[in-house]
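Following the working numbering, the numbering of the sequence shown begins with 732 at its first residue and continues without gaps.
Even for Gly, the Cβ is constructed at its ideal location relative to N, Cα and C.
Only a predicted model underlies this, so the values are computations on that prediction, with no experimental measurement involved.
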Amino acid sequence: MPKRIRDARQVSLTRILFLGALSALFVSFFAYLARQTLVPTFELERWVGDLFLSRSDDFGWNFGFSALLFQGAIVATAYGSLFRSAHRSGLGPGLQLGFFHAVVTGFALGFTRFGFFAYALGAQNMVALLTAHLLFGSIFGVGFDLAATKRAYPVRINSKSL
């Protein structure tokens, strides 16, 4: 079985942007599942549309969904550069960055009508918002780690050339 080598420099910007949008898509799916089961008011896409457009109708939801994917791709560039500079990626570092991202987002929401950490929307939404950021960080961290890993095949040594 070939040995695996991590090289974060081989992960291209295109792949980072794709992984970020894919992670945001998974977060949107998580928001859908949360709405269907535990937190019926967790309308992440509608919140984003409402923040940018002050509209909470279907157009606001569609815009929020598109903006969520775009934001995921943009935030992924920051995650990717931190993974590259730290020479670490994976589930653990992804969760750490996701938690930091949730704290920064929670404070930034304090300047909106949603309140710090979205407390105006209820405690369940606060927990769901934290979980969504942790999910984004973990999915992106694992995806980046898989993209940075390559197989190293053993090089045959010819004894005649020694």
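Through-space distance from Thr745 to Ala765, alpha-carbon basis | In the sequence shown, the residue the question calls residue 765 occupies position 34. In the sequence shown, the residue the question calls residue 745 occupies position 14. If you take the alpha carbons of Ala765 and Thr745, they lie about 30 Å apart.
Out of Val770, Ala809, Phe801 and Val779, point me to the one whose CA is closest to Gly791's CA.
-> Counting from one through the sequence shown, the residue named residue 791 turns up at place 60. Gly791 has its Cα closest to that of Val779, out of Val770, Ala809, Phe801 and Val779.
Taking only the alpha-carbon atoms, compute the straight-line gap between Arg740 and Ser754 and give it to the nearest angstrom.
-> On the sequence shown, position 9 is the one that residue 740 refers to. On the sequence shown, position 23 is the one that residue 754 refers to. The alpha-carbon atoms of Arg740 and Ser754 are separated by roughly 20 Å.
Assuming Ser759 contacts Phe801 under a Cβ cut-off of 8 Å, what Cβ separation, rounded to an integer in Å, is found between them?
-> Residue numbering aside, residue 759 sits at position 28 when the sequence shown is read from its first letter. Residue numbering aside, residue 801 sits at position 70 when the sequence shown is read from its first letter. Ser759 to Phe801, Cβ: 12 Å. No contact.
What is the C-beta distance between Thr843 and Leu782, in whole angstroms, given that I count them as a contact (C-beta under 8 Å)?
-> Residue numbering aside, residue 843 sits at position 112 when the sequence shown is read from its first letter. Residue numbering aside, residue 782 sits at position 51 when the sequence shown is read from its first letter. Sure, about 6 Å apart at Cβ, within 8 Å.
Please confirm whether His864 and Gly825 have their CB atoms less than 7 Å apart.
-> By one-based count along the sequence shown, residue 864 stands at place 133. By one-based count along the sequence shown, residue 825 stands at place 94. Result no, Cβ atoms of His864 and Gly825 do not sit closer than 7 Å.
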